[in-house]
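Report on one structure; see the data block that follows.
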Amino acid sequence: MNNNRGRYQPGTGTGRGAYQQQPQAQQHVQRGQPQNHQQQQWSRRAQLPGNATNANEIQTSSSQPPVASSDSNGQDWKASLRLPPPDTRYQTADVTATKGNEFEDYFLKRDLLKGIYEKGFEKPSPIQEESIPIALTGSDILARAKNGTGKTGAFCIPVLERIDPNTNVIQAMILVPTRELALQTSQVCKELSKYLNIHVMVTTGGTSLRDDIMRLHQPVHLLVGTPGRILDLTKKGVCVLKDCTMLVMDEADKLLSAEFQPSLEELIQFLPQNRQFLMYSATFPVTVKAFKERHLRKPYVINLMDQLTLMGVTQYYAFVEERQKVHCLNTLFSKLQINQSIIFCNSVNRVELLAKKITELGYSCFYIHAKMVQDHRNRVFHEFRNGACRNLVCTDLFTRGIDIQAVNVVINFDFPRTSESYLHRVGRSGRFGHLGLAVNLVTYEDRFKMYQTEQELGTEIKPIPSNIDQAIYCQ
Ligand SMILES: Nc1ncnc2c1ncn2[C@@H]1O[C@H](COP(=O)(O)OP(=O)(O)OP(=O)(O)O)[C@@H](O)[C@H]1O
Ligand SMILES: [Mg+2]
2 MNNNRGRYQP
12 GTGTGRGAYQ
22 QQPQAQQHVQ
32 RGQPQNHQQQ
42 QWSRRAQLPG
52 NATNANEIQT
62 SSSQPPVASS
72 DSNGQDWKAS
82 LRLPPPDTRY
92 QTADVTATKG
102 NEFEDYFLKR
112 DLLKGIYEKG
122 FEKPSPIQEE
132 SIPIALTGSD
142 ILARAKNGTG
152 KTGAFCIPVL
162 ERIDPNTNVI
172 QAMILVPTRE
182 LALQTSQVCK
192 ELSKYLNIHV
202 MVTTGGTSLR
212 DDIMRLHQPV
222 HLLVGTPGRI
232 LDLTKKGVCV
242 LKDCTMLVMD
252 EADKLLSAEF
262 QPSLEELIQF
272 LPQNRQFLMY
282 SATFPVTVKA
292 FKERHLRKPY
302 VINLMDQLTL
312 MGVTQYYAFV
322 EERQKVHCLN
332 TLFSKLQINQ
342 SIIFCNSVNR
352 VELLAKKITE
362 LGYSCFYIHA
372 KMVQDHRNRV
382 FHEFRNGACR
392 NLVCTDLFTR
402 GIDIQAVNVV
412 INFDFPRTSE
422 SYLHRVGRSG
432 RFGHLGLAVN
442 LVTYEDRFKM
452 YQTEQELGTE
462 IKPIPSNIDQ
472 AIYCQ
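Our numbering applies: residue 2 is where the sequence shown begins, and numbers increase by one.
As C-alpha cells, then:
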C-alpha cells in the first residue's frame, strides 16, 4: 500500500478526546456494531487492485471471474467471454422492473455485445430498454430516470453502435458537467467498446490544451468532455464537429444552467443540421423546456420517475446544533456499517476543515473539491474509487453522476441548498438498485429546507432511530 495516499494520515485515536460524548447526540445514531460477515456483503463486484490487508480498506470480492458457457445456437462466442463475478446482492424494482428484453434483441454488433457482457451487464435496465432501441433509430430523446439505474449505458450503447470505426472523424460527442464525470464516462465508453475499433478521447479543462491538440491530430470517433474545453478546441479549429451527428447531454439540466448554457449554445452552432440530441438526467426542471422546444425535433420523451427517490435508499436525519456535527459524525462512524461513504459539505473551506477533523478522529479520509489542481483531483478520485480510503469529503462537485458501487452511505454534513442537489447526492449510494443509507445532519436553520425538500421530492426523511436494524440497509 502506498502510504502517501491521504493528505491526512489516519490519526492514532488520540484525537477522539477532543470530542466528548454528548448524550443528546447519541440518540441520533444507531448502536451495535455488526459482524464481519455483514461487511462481506458489501463486497465489490469487480476485483480491485491491491491487497485489502489494511482495516481502512474496503472489502473486495475474492471470487474468480467465471468464463461464460456456450450453447448449441451458434453462440460459441459467448464461451470466450471473461465475465466479472455475478452480483448476488439484493436489487430493488428500480432496476428489476423490466420488460424482459435482452441486449441481443437490439441487433447490436457482436463486438459491442461482448463489451457489454464483459462489463457485467447481463440484461438491459428499464431506462436501457426504453432508450437503446429508440436512440438506434436516430430519434432525439429526452429521458428522465432515477439515479444509478444505468443512464450511461442507455446512451453509450446506441452511440457506440452507430459509430463507423472506418470513418476517421468525430461522429459523436458526450457532454457532462464535471471533469471527473467526463473521465468516468469515457472509461465506460472504452470498456464497452473494447472489441470495437473506436477511438474515444476525453477532454476537460485543467489539463494541457497542447496535449489535446496533439491528440486531435490522431483519429477520434467519440469525444467525451466538459463544454468549455471542447468549445475552446472547436473555436481554434482543431476539433472539427461538422460530422458529429450525435450529441449526448448527460446531466442535461445541469448543462442548461447559467454556468454552462452559453458555451453549450455556441457549441451547438458547430454541429451539422442532421444531428441527434440525446438528453438524460434524473432531474428536469422547467428550464429544459425552452431548450427542448428550440433544438429538439419531435423528441421521444421517456420519464421513468413516477416516484423520485430510490427505493433502496433509507433516508434519516439527525437534528443537531452546528457545534455538535463533528461529534455526531464520529458517533455515526462508530455505529454504522460503512463500506465507503461520501460526506457532503456546502463549501470548499468546510470540506477541508472537516477532512482534517475526521483524520484527527482516527478515520481514513480523502477530500475533493473544484479548487484543487486537476492532477490532485484525479489522484483522489482514482484512489477512492479503488478503495484506498473509506470516506470522501466533498462539495457538490461529486453530486452528479459519480458511480462508485462500494459507496453504501451518504452523509449530508451540510444540508443541500436545492432538492435537485439532495436527490443527486443521496443517489451516490444505492447504485443499480442496491441498498444504501443517507443521513442528514440538520440544524434548526435547515428545518424548512428539509421540509421543502421532502415536499418537492414527495419523500419522507425520518428521524434516525437509536438502534437501527442493520438489515434495512446492509444486504
Ligand atoms: N444493464 C446493467 N446491468 C448491470 N449493471 C448495470 C447495467 N447498467 C448499468 N449498470 C451499472 O449500474 C451503475 C449505475 O449506472 P449509471 O452510472 O449509468 O447510472 P445513472 O443512471 O447514470 O446514475 P446517475 O443519475 O447517478 O448519473 C454502474 O455501476 C453501471 O455499471
Ligand atoms: Mg449518470
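All residues carry an ideal CB built from backbone N, CA and C; glycine is no exception.
Source: prediction; values computed, not measured.
In this structure, the straight-line span from the alpha carbon of residue 125 to that of residue 397 is close to 29 Å. Taken in chain order, the whole beta strand (DSSP E) runs of length 3 or more contained in the region 430-470 are 437-443.
The residue from 374, 415, 296 and 332 with its alpha-carbon nearest to that of residue 266 is 296. Per DSSP, residue 226 lies in no alpha helix (DSSP H) segment; the continuous beta strand (DSSP E) that holds it begins and ends at 223-226. Here the alpha carbon of residue 406 sits roughly 19 Å from the alpha carbon of residue 423.
When beta bridges are read from the DSSP output, residue 281 appears opposite 144 and 251. Cα atoms of residue 288 and residue 421: separation of roughly 13 Å, rounded to the nearest angstrom.
The beta carbons of residue 161 and residue 119 sit no closer together than 8 Å. Straight through space, the alpha carbons of residue 392 and residue 366 are spaced by roughly 5 Å. In the DSSP assignment, residue 339 falls outside any beta strand (DSSP E) and carries neither an H nor an E.
In this structure, residue 215 sits away from residue 250, with a CB-CB distance that is not shorter than 8 Å. For residue 409, the CB stays at least 7 Å from every heavy atom of ligand 1. Rounded to whole angstroms, the separation of the alpha carbons of residue 246 and residue 240 is 14 Å. The beta carbons of residue 412 and residue 317 sit no closer together than 8 Å. In the structure shown, the three-state DSSP call for residue 215 is helix. Contact check for residue 277 and residue 141: beta-carbon distance about 6 Å, within the 8 Å limit, so the pair qualifies.
Closest by C-alpha distance to residue 149, out of 183, 282 and 341, is 282. Residue environment: residue 178 is assigned as buried (16 or more neighbouring CB atoms within 10 Å of its CB, all protein chains considered). Assigned with DSSP and collapsed to three states, residue 76 falls in coil, not helix or strand. Annotation: the continuous alpha helix (DSSP H) that includes residue 360 extends over 349-361. When the five nearest sequence neighbours on each side are left out, the beta carbons in the same chain lying within less than 7 Å of the beta carbon of residue 105 are those of 114, in order along the chain. Using a Cβ-Cβ distance cut-off of 8 Å, the region 427-437 and the region 88-99 are in contact, since at least three pairs of beta carbons, one from each stretch, lie closer than that value.
With respect to the 8 Å criterion, residue 343 and residue 182 are not classified as neighbours on the basis of their beta carbons. In summary, residue 374 is exposed, with fewer than 16 beta-carbon neighbours lying within 10 Å of its beta-carbon over all protein chains present. DSSP lists 345 and 441 as the bridge partner or partners of residue 413. Shortest gap from the CB of residue 441 to any heavy atom of ligand 1: 7 Å or more. In the DSSP assignment, residue 318 falls outside any alpha helix (DSSP H) and within the unbroken beta strand (DSSP E) covering 314-320. Only buried fits residue 325, as 16 or more other CB atoms lie within 10 angstroms of its CB. At least one heavy atom of ligand 2 sits closer than 7 Å to the Cβ of residue 402. Counting only runs of at least 3 residues, the region 366-426 fully encloses the following beta strand (DSSP E) elements, listed from N- to C-terminal order: 366-369, 392-395 and 408-413. Each residue's CA atom was taken as its position, placing residue 233 and residue 207 some 13 Å apart. With a threshold of 16 other beta carbon atoms within 10 Å, residue 107 meets it and is buried. Residue 159 counts as buried, since at least 16 other C-beta atoms from the protein chains shown sit within 10 angstroms of its C-beta. For residue 288, the enclosing alpha helix (DSSP H) begins and ends at 288-296. Take the alpha-carbon of residue 453 and the one of residue 271: they are about 41 Å apart.
Here the region 337-351 does not lie against the region 454-463, with fewer than 3 beta-carbon pairs under 8 Å apart.
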